[in-house]
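In this note's numbering, the protein residues as written are 9 to 416.
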């Protein structure tokens, strides 16, 4: 059943392309007391299925293990290797485009699930832990939003504030107070003062790769980087903060842009999927979309429990493709004995693709023609030590149309 959920999770993922801490003291004490009582009962009572070693449902097993490890958003156990899932939302509304929206009711169910089974941490804590290889709580999750819509304040903020969850909003400064249904600067400042973190999503949500081939790399990179730095300066002028975090609009980037981010001290965030950990590319950190077709909590649970695939080398050097077919197979070097590579599965468009394995090098081939726009191959493999948890890695591809532009 768990493998079916992984398959459905990948299908969902391919169909379309320290802040608020205001819980009441009484609520916190109640949660701590509940955890203490749960710990006593866990010691005294052992599940017969576990004791007998019977073959229990791995999905239920994974959920149960997560619950025992984290219990709530406080006092969670700490993992020795930093690992986290980063969630991506846009609209929290029932009256906005379905592809990028989640209803307030569904969003609340997501947050309540996180509160019961995971530990929500700030995006800064995730980045710092990966950079310095320090610990994060077990089952850590960070919450992000792109585009700065007013319904984040109206419909998401009250839920997040009530649960005491930190979150980050990536905004386009030239759209704030101007674009349809956008937050105003007054609202952004008020949210910032309430602990919400705001970061860079470019000035105006451009397709950053548009015109690259026609302009030439040097002129193109100078133009897009001027946009990034102008956006960063406007955020700093308004909020007196400059994290140097950039969420790529539409998740689109290439190697030249990623290298520029690294040289300038920026962290980059994409829209391809996977958990993040010590081997993650700091200029292309993956995030799990959690709205639209990805809002199904049943499949989202599998993603929330995922582990960062420890890929130390990839033969695929640039996600921006100049052709619509791969010229050669892609090889991933995976450095961990915990990854059960004999059970690895890779998917494109929701369908399994051919893979081969030689020691710790996984190779996949893709015979299909890549579509114009965004696509990706997702690879997953079970953990040997953590039953019900899967390592996850995504290889994105970006293909321009005949005019050198990228579709929304």
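Backbone N, C-alpha and C fix where the C-beta goes; we use that ideal spot for every residue, glycine too.
Taking only the alpha-carbon atoms, compute the straight-line gap between residue i and residue j and give it to the nearest angstrom.
i, j, result
"residue 355", "residue 139", "29 Å"
"residue 55", "residue 313", "Interpretation of residue 55 is limited by its pLDDT of 32, a score under 50 that renders its predicted location unreliable; no figure is taken from the coordinates."
"residue 369", "residue 112", "43 Å"
"residue 187", "residue 174", "25 Å"
"residue 362", "residue 374", "8 Å"
"residue 246", "residue 193", "8 Å"
"residue 102", "residue 300", "11 Å"
"residue 110", "residue 410", "34 Å"
"residue 211", "residue 181", "5 Å"
"residue 407", "residue 324", "14 Å"
"residue 91", "residue 191", "32 Å"
"residue 365", "residue 334", "19 Å"
"residue 244", "residue 205", "12 Å"
"residue 179", "residue 308", "25 Å"
"residue 320", "residue 288", "9 Å"
"residue 203", "residue 231", "33 Å"
"residue 331", "residue 265", "19 Å"
"residue 189", "residue 262", "30 Å"
"residue 184", "residue 141", "36 Å"
"residue 233", "residue 248", "21 Å"
"residue 251", "residue 131", "11 Å"
As a quick exercise: from the options, pick the residue whose alpha carbon is nearest that of residue i.
i, options, result
"residue 238", "207, 339 and 411", "207"
"residue 290", "363, 360, 240 and 253", "253"
"residue 286", "333, 108 and 342", "342"
"residue 328", "268, 405, 159 and 244", "405"
"residue 351", "306, 178 and 388", "388"
"residue 339", "311, 372, 326 and 130", "372"
"residue 108", "250, 379 and 303", "303"
"residue 161", "99, 130 and 249", "99"
"residue 378", "357, 386 and 353", "357"
"residue 403", "295, 104 and 310", "295"
"residue 386", "316, 326 and 367", "316"
"residue 104", "137, 158 and 336", "158"
"residue 318", "383, 310 and 283", "283"
Looking only at its chain, what residues have a beta carbon closer than 6 Å to the beta carbon of residue i, apart from the 5 residues adjacent to it on each side?
i, result
"residue 167", "116 and 119"
"residue 416", "none"
"residue 89", "none"
"residue 297", "96"
"residue 135", "275"
Along the chain, where does the alpha helix (DSSP H) containing residue i start, and where does it finish?
i, result
"residue 264", "263-271"
"residue 366", "It is not in any alpha helix (DSSP H) - residue 366 instead sits in the beta strand (DSSP E) that spans 363-366."
"residue 247", "225-247"
"residue 402", "No alpha helix (DSSP H) holds residue 402; the beta strand (DSSP E) holding it covers 398-407."
Whose C-beta lies closer than 8 Å to the C-beta of residue i among residues of the same chain, with five residues either side of it excluded?
i, result
"residue 77", "Because residue 77 sits at a pLDDT of 33, beneath the cut-off of 50, its placement in the model cannot be relied upon, and the point is left open."
"residue 209", "154, 155, 156, 178, 179, 180, 239, 254, 255 and 257"
"residue 149", "92, 93, 94, 95, 122, 126, 127, 128, 129 and 312"
Looking only at its chain, what residues have a beta carbon closer than 7 Å to the beta carbon of residue i, apart from the 5 residues adjacent to it on each side?
i, result
"residue 219", "228 and 412"
"residue 242", "181"
"residue 215", "257, 258, 260, 413 and 414"
"residue 292", "261, 266, 276 and 278"
Using beta carbons (cut-off 9 Å, strictly below), is residue i in contact with chain C?
i, result
"residue 192", "Given the protein chain composition of this structure (a single chain), no chain C is represented."
Starting from residue i, trace the beta strand (DSSP E) in both directions and tell me its first and last residue.
i, result
"residue 388", "381-390"
"residue 284", "That residue, residue 284, is in no beta strand (DSSP E); it is neither H nor E in DSSP."
"residue 370", "369-372"
"residue 207", "205-208"
"residue 345", "No beta strand (DSSP E) contains residue 345, which DSSP labels as neither H nor E."
"residue 180", "That residue, residue 180, is in no beta strand (DSSP E); it is neither H nor E in DSSP."
Taking 8 Å as the threshold, find out whether the region 190-207 comes into contact with the region 216-227 through three or more Cβ pairs.
These segments do not touch.
Is the number of C-beta pairs between the region 120-128 and the region 268-280 that are closer than 8 Å three or more?
no
Cβ pair count under 8 Å reaching 3, the region 388-398 against the region 328-346:
yes
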